[in-house]
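K.L.:
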Amino acid sequence: MPARRWLRRLAWLCAAMVLAITSLSAFVRLVNTGVGCEPWPACYGQLQLARAQSPAATPLTQAGASDTAIAVARTAHRIIASSSLVVVLALLALALRQRWRPETALAGGLLTLALFLAVLGAATRSSLLPAVTLGNLLAGFAMLVLAVRLARRSAPGATASPLARWVWVALALCFVQMALGGLVSSGHAGLSCPALGSCDVSSGTWRTLNPWFVPVAGTAPDHAGGAIAHLLHRAAGLALSGFLAIMAWRAWRMQRKAAALALVALPLLQVGLGLGIIAQQLPLAGTWAHNLVAALLVALVAALGTSTQQRPR
5 MPARRWLRRL AWLCAAMVLA ITSLSAFVRL VNTGVGCEPW PACYGQLQLA
55 RAQSPAATPL TQAGASDTAI AVARTAHRII ASSSLVVVLA LLALALRQRW
105 RPETALAGGL LTLALFLAVL GAATRSSLLP AVTLGNLLAG FAMLVLAVRL
155 ARRSAPGATA SPLARWVWVA LALCFVQMAL GGLVSSGHAG LSCPALGSCD
205 VSSGTWRTLN PWFVPVAGTA PDHAGGAIAH LLHRAAGLAL SGFLAIMAWR
255 AWRMQRKAAA LALVALPLLQ VGLGLGIIAQ QLPLAGTWAH NLVAALLVAL
305 VAALGTSTQQ RPR
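In structure tokens form, the structure reads like this:
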């Protein structure tokens, strides 16, 4: 099998593994912050803080997430993360052997991020800092972007897409949106804006945008302090959706109709999930799906940076 085909298949395998890792990590993170706990919503945001202050405290029952499910998710996360490191090393070795500079740079970036996440996880296992959540979240999504770009670049007839500049702007907006979402989650601000059409920021505080600020135990689940972060997350989501709609229009004019439809469908699904989980007061499954669709959207945008065409046989 040609080396470039091996590289492409390994890169897609890496992308699939990173998607699984980020999804499992999101599940564990959401459970730890109390999403889906009982009695709801009084327990939201209290379990992790209480455990940090008193490790011997009796844990609250997690609705829809048994101890077995959590243990399986954590074990699967460790196994897939360790396996992905082997795949990344194989990608780097193959790219170095073939002396493919751009591919080597992408594989090197994957290895750097994988090692960063490994060190971050080992050093901050019980940390409640939002900065740790952001580090895990953004580095994981950055790995997904690099893996997808590497896979697309290794395809036959790969060239820079006419949408490449748009892709970089879209990715920047995606990462801003995800960072704000991470601050909402780690700051326990999911219920700070309970109404779909409004968000009272009169009692909001900018501290929720400080990744080094740890929420205080005993804070009400619908505390208004997180309203600013929540409102910014919504505003960034609307800005991103608008930009992707323009991208979809341009892709449609370039006869990339499948990409255009996906650029419309995924943001609509994401906005619908966001509105739904607020209306339903953060159900665990819906909140987890919100994270999964974000990952799929990032992967889609990253893939659009490269155009491919089959070479004639």
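For the sequence shown, the residue numbers in my numbering are 5 to 317.
Beta carbons are placed, not taken as given, at the ideal position from N, Cα and C, and that holds for glycine.
Bear in mind that the values here come from a model prediction, so they are computed numbers and not experimental data.
1) Check whether the Cβ atoms of Ala111 and Ala99 lie closer than 8 Å to each other.
2) If we call anything under 8 Å between Cβ atoms a contact, is Val149 one with Val268?
3) Mapping the DSSP letters down to three states, classify Ala164 as helix, strand or coil.
4) Indicate whether Ser27 and Asn140 have their beta-carbon atoms separated by less than 8 Å.
5) Tell me whether Ser190 sits in a helix, a strand or coil according to DSSP, three-state version.
6) My understanding is that Val32 touches Ile74, with C-beta atoms under 8 Å, so please give their C-beta distance in whole angstroms.
7) Give me whichever residues DSSP pairs with Ser311 in a beta bridge.
8) When the Cα of Arg12 is compared with those of Ala299, Ile25, Thr108, Pro43, which residue comes out closest?
9) What is the rounded straight-line gap between the Cα of Leu167 and the Cα of Trp253?
10) Could you have a look at Pro198 and say whether DSSP puts it in helix, strand or coil?
11) Consult DSSP for Pro287 and reduce its assignment to one of helix, strand or coil.
12) Whole angstroms is fine: what's the gap from Leu114's alpha carbon to Trp104's?
13) Hey, could you find the ends of the alpha helix (DSSP H) Asp204 is sitting in?
14) Only counting the same chain, and skipping five residues up and downstream in sequence, which positions put a Cβ closer than 6 Å to that of Ala24?
15) State buried or exposed for Val173, treating a residue as buried only when at least 16 other CB atoms are found within 10 Å of its CB.
16) If I'm right that Ser190 touches Gly309 with Cβ under 8 Å, what's the distance once you round it to whole angstroms?
17) Cα separation between Ala69 and Ala193?
P.N.:
Judging by the given coordinates:
1) Their beta carbons are under 8 Å apart, which means Ala111 touches Ala99 by this criterion.
2) The answer is no: Cβ separation not under 8 Å.
3) strand
4) With contacts defined as CB atoms closer than 8 Å, Ser27 and Asn140 fail to qualify as a contacting pair.
5) helix
6) Contact flag correct, Cβ pair sits at about 7 Å.
7) Thr163
8) Thr108
9) Looking at the two C-alpha atoms, the distance is approximately 11 Å.
10) coil
11) coil
12) 15 Å
13) No alpha helix (DSSP H) holds Asp204; DSSP gives it neither H nor E.
14) Ile84
15) That one is exposed.
16) Contact flag wrong, Cβ pair sits at about 30 Å.
17) 21 Å
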